[in-house]
């Protein structure tokens with residue numbers, strides 16, 4: 001069982017991701033925007049961060065950048081959950097240090113495939 | 122993954138989605154209007170973008186492909202605007218507002234049917250949005266396909282629903298997507314067909330396959346048909362702090378209950394124990410009541426939010442220019458009341474734009490600004506909420522209204538002749554006055570003002586209208602804060618108790634029993650009471666309800682509760698006024714429900730039932746207000762100047778020695794002065810004084826009126842100064858007594874020179890001096906027009 005945080009300002013998406021991950025036996029944390037996530041993650045470590053890109057207060061790119069600056073998060077996989085899989089956004093994501101991306105809409109199986117791929121073992 | 126529990130979960134997600142989306146769309150229209158004007162900060166645009174963006178993303182995940190696709194086209198336009206590549210314009214705003222309508226409509230379809238397949242056809246809107254995207258921004262956004270392939274998949278809108286990928290491993294390697302990817306792992310193999318996610322490192326350039334919409338369409342059980350309220354109306358957001366506070370108080374309540382239970386087991390109960398517990402109960406319930414009330418409170422802004430849009434659309438349809446301003450949008454009201462005033466307010470707003478406000482040309486010709494002001498204001502006052510809708514439009518022409526009412530046979534010619542300007546305007550509230558076809562009241566279109574009035578009165582409110590022809594109209598709505606608990610006056614009549622809602626109460630008057638005979642008169646068989654010079658028609662509650670009347674002997678006094686109904690006052694005579702109390706309003710049973718004189722019932726502290734009286738109902742049933750008009754007419758014969766009636770005129774009251782009550786209108790007078798008799802010079806029989814660098818002739822009113830006056834011993838001369846064409850005239854009067862505001866109902870005596878007529882002022886017959894005639898006589902004014910001369 002891994003601990004995964006899902007960051008999205010749309011609660012529907014958070015719940016959906018959460019439900020999928022929980023049903024696969026993971027422990028799931030939630031945050032409604034980048035800032036909340038950052039505050040939550042500062043003191044603890046998780047195995048995977050799945051974050052939306054466009055969010056109020058702090059977006060996913062910024063969150064990725066800030067997390068990467070923390071020693072505890074230098075190697076934790078961070079996946080961007082986005083509808084904008086455009087080139088600009090992608091290179092931005094890459095530059096910020098994200099591990100991968102998944103485009104909305106996605107199915108549960110797709111999400112789980114990605115998760116099992118990025119999580120060690 | 123499609124287990125039973127998952128379906129339930131999906132249904133819950135859909136509910137969340139609907140709620141979240143409608144919340145997001147709440148301020149969407151308003152924000153767009155701000156953006157249209159161009160006065161906004163970028164964060165607002167980002168916020169608007171995010172609303173559509175979130176809807177698109179979530180809808181996609183839930184399998185609502187149609188809503189996703191339309192949201193996507195809107196998102197494209199907004200994204201260009203956000204990036205500064207597209208300037209906002211009315212056309213774009215139009216399209217985006219239509220998008221907001223479309224999204225709302227689709228959400229509704231999802232809510233009722235569980236899927237968006239039944240949603241209307243929005244291909245046209247989509248085309249418009251796409252045209253805006255492409256037309257206004259010919260280059261850059263959507264690169265040609267080859268180019269896109271050479272770089273990276275551009276965005277989801279390229280039909281190719283992206284994929285997933287890794288950033289790390291081989292950042293710059295170009296590979297053909299899919300194949301390699303699939304070999305990575307079983308999980309990826311699964312993903313291959315959909316190509317929806319990816320790791321940046323794996324594959325930098327996945328050539329994207331056409332994506333089958335993989336996310337399953339969700340089957341949501343259709344909501345129960347009777348559920349009229351939409352999902353947004355069915356839920357409330359409550360501050361967690363408030364909720365904690367409520368929980369705290371419930372805890373207190375439980376403690377108090379335990380104490381009470383314990384007490385009830387004791388054989389001997391000390392009175393002090395009981396009072397301690399009841400005090401505690403009192404405190405806890407009061408706090409709990411306030412707390413719960415707060416959870417039901419909503420800002421009126423939640424309703425107003427949609428008005429800028431309505432005003433904008435309507436104004437542009439009609440070719441008018443209107444600026445809507447709102448004040449007090451944070452004024453809080455009970456949810457049920459907010460619901461109830463939504464449609465009436467919409468109707469009033471529409472009316473104001475449609476009928477009240479003129480076209481820019483007409484406004485310009487009338488010397489007004491081309492763009493009309495429409496003001497909405499809400500504020501608390503005396504435990505009620507006031508809502509004002511003010512426009513600076515054409516106003517209401519009372520005579521036109523009157524003509525229309527005559528035409529429709531709502532009033533007869535005789536009645537029409539008797540109406541004051543204000544009463545004429547109030548004709549628009551008559552049932553059947555509106556010509557509009559009855560369509561639906563959702564938009565407020567096709568509903569007459571009578572419906573507006575009835576709906577507002579139904580919730581214990583009132584509507585007043587003031588209009589000045591050519592200057593504009595003000596509509597004032599007063600509504601109670603809540604319906605469930607109201608402050609009421611408890612009275613007794615015929616040994617029964619009744620409650621009168623405080624909002625209807627103007628004042629209380631107590632008359633001693635021995636004064637009853639003298640102070641209550643009868644005009645046209647209606648008992649009236651003279652209250653500060655005005656006739657107050659009375660209803661004796663015991664007689665009206667045919668209650669066993671108390672014997673006159675046993676009364677030491679009676680009380681008159683002065684009530685206001687339809688902006689007219691009448692007195693309700695009761696035996697005893699007990700107290701004011703907060704009462705809980707219970708609806709009446711079926712058998713009594715259609716009796717308009719009762720507003721409900723309540724249970725008093727001692728467990729007995731008291732009926733709540735409906736002030737308007739009692740008035741109309743007893744016919745007391747019709748009688749009031751008759752009695753007022755009985756006192757004043759023909760009205761000389763109809764425009765004087767109904768409007769209060771400030772008057773200077775003065776007296777001459779031996780002529781007590783005289784008055785002149787304050788309006789025409791320039792100043793009131795006092796002169797020492799020694800400064801008055803007489804030459805050629807004409808008295809004059811030095812005044813403001815010139816000479817002012819003085820006229821003694823007593824002489825003019827042919828009333829011999831001697832001013833022996835007068836140390837100061839009281840003079841009312843008039844100015845006409847740069848010349849001053851002073852009229853010497855005896856003694857200035859007072860300045861009052863008075864509705865003038867002149868009784869035209871006319872036989873005496875320089876006296877216009879007589880009127881009842883503060884209960885005294887007062888003669889109104891005809892200043893015009895005096896000015897004409899002295900040559901200051903030429904034409905004996907009825908209009909008074911101003912400086």
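Protein chains in written order, with the working numbering: chain V, 1 to 121; chain G, 122 to 912. For glycine and all other residues, C-beta sits at the position ideal for the given N, C-alpha and C.
Who are the near neighbours of residue i in its chain, counting only those whose CB is closer than 6 Å to its CB and skipping five residues on each side?
| i | result |
| --- | --- |
| residue 808 of chain G | 801 and 819 |
| residue 272 of chain G | For residue 272 of chain G, the predicted structure reports a pLDDT of 39, less than 50, and the residue's modelled location is therefore unreliable. The matter cannot be settled from this model. |
| residue 545 of chain G | 519, 522 and 523 |
| residue 293 of chain G | Since pLDDT at residue 293 of chain G reaches only 41, below the 50 mark, its modelled position is unreliable, and the value read off the structure follows with that caveat. The answer is none, since no qualifying residue turns up. |
| residue 152 of chain G | 165 and 169 |
| residue 141 of chain G | none |
| residue 714 of chain G | none |
| residue 64 of chain V | 78, 96, 97 and 98 |
| residue 331 of chain G | Model confidence at residue 331 of chain G stands at a pLDDT of 41, short of 50, so the residue's coordinates are unreliable and nothing is read from them. |
| residue 508 of chain G | 499 and 598 |
By the criterion of Cβ-Cβ separation under 9 Å, what are the contact partners of residue i in chain V?
| i | result |
| --- | --- |
| residue 171 of chain G | 9, 54, 55 and 56 |
| residue 425 of chain G | Under the 9 Å cutoff, chain V gives no residues; its nearest Cβ is about 24 Å from residue 425 of chain G. |
Who are the neighbours of residue i on chain G, taking C-beta pairs under 7 Å?
| i | result |
| --- | --- |
| residue 104 of chain V | 178, 181 and 182 |
| residue 27 of chain V | Going along chain G, no residue has its Cβ under 7 Å from residue 27 of chain V, so there is no contact; the nearest lies around 18 Å. |
Residue i and residue j: beta carbons closer than 8 Å?
| i | j | result |
| --- | --- | --- |
| residue 5 of chain V | residue 53 of chain V | no |
| residue 469 of chain G | residue 573 of chain G | yes |
| residue 606 of chain G | residue 679 of chain G | no |
| residue 691 of chain G | residue 660 of chain G | yes |
| residue 790 of chain G | residue 842 of chain G | yes |
| residue 487 of chain G | residue 591 of chain G | yes |
| residue 27 of chain V | residue 1 of chain V | yes |
| residue 581 of chain G | residue 598 of chain G | no |
| residue 532 of chain G | residue 609 of chain G | no |
| residue 211 of chain G | residue 147 of chain G | no |
| residue 129 of chain V | residue 76 of chain V | Since the first residue of chain V shown is 1 and the last is 121, residue 129 of chain V is not available in this structure. |
| residue 588 of chain G | residue 695 of chain G | no |
| residue 417 of chain G | residue 456 of chain G | yes |
| residue 221 of chain G | residue 150 of chain G | yes |
| residue 378 of chain G | residue 218 of chain G | no |
| residue 137 of chain G | residue 91 of chain V | no |
| residue 24 of chain V | residue 112 of chain V | yes |
| residue 102 of chain V | residue 318 of chain G | yes |
| residue 584 of chain G | residue 596 of chain G | yes |
Got a sec? Which residues, its chain only, sit under 8 Å from residue i by beta carbon, not counting five neighbours each side?
| i | result |
| --- | --- |
| residue 370 of chain G | 405, 408, 409 and 412 |
| residue 42 of chain V | 70 |
| residue 746 of chain G | 658, 686, 687, 689, 691 and 740 |
| residue 876 of chain G | 826, 870, 888, 889, 890 and 891 |
| residue 118 of chain V | 48, 77, 79, 99 and 100 |
| residue 717 of chain G | 735, 737, 738, 741 and 742 |
Can you round the beta-carbon distance between residue i and residue j to whole angstroms, since I take them to be within the 8 Å contact cut?
| i | j | result |
| --- | --- | --- |
| residue 684 of chain G | residue 625 of chain G | 5 Å |
| residue 115 of chain V | residue 98 of chain V | Rounded, the Cβ-Cβ distance is 15 Å, inconsistent with contact. |
| residue 776 of chain G | residue 855 of chain G | 5 Å |
| residue 178 of chain G | residue 104 of chain V | 4 Å |
| residue 188 of chain G | residue 224 of chain G | 7 Å |
| residue 705 of chain G | residue 600 of chain G | About 19 Å separates the two Cβ atoms, so there is no contact after all. |
Between which residues of its own chain and residue i is the CB-CB distance below 7 Å, once the five residues before and five after are set aside?
| i | result |
| --- | --- |
| residue 139 of chain G | 228, 231, 232 and 352 |
| residue 442 of chain G | 436, 481, 491, 492 and 493 |
| residue 200 of chain G | 170 |
| residue 721 of chain G | 706, 707, 708, 709 and 733 |
Using a cut-off of 7 Å between C-beta atoms, extract the partners of residue i located in chain V.
| i | result |
| --- | --- |
| residue 137 of chain G | 11, 12 and 15 |
| residue 175 of chain G | 9 and 10 |
| residue 134 of chain G | 12, 15 and 16 |
| residue 130 of chain G | 19 |
Identify the contact partners of residue i in chain V, using a Cβ-Cβ distance below 8 Å as the criterion.
| i | result |
| --- | --- |
| residue 141 of chain G | 10, 11 and 12 |
Give the residues of chain G in contact with residue i, contact being defined as C-beta atoms less than 9 Å apart.
| i | result |
| --- | --- |
| residue 46 of chain V | Neighbours of residue 46 of chain V on chain G: none; closest Cβ ~18 Å, over 9 Å. |
| residue 49 of chain V | None at all; the shortest Cβ gap to chain G is about 14 Å. |
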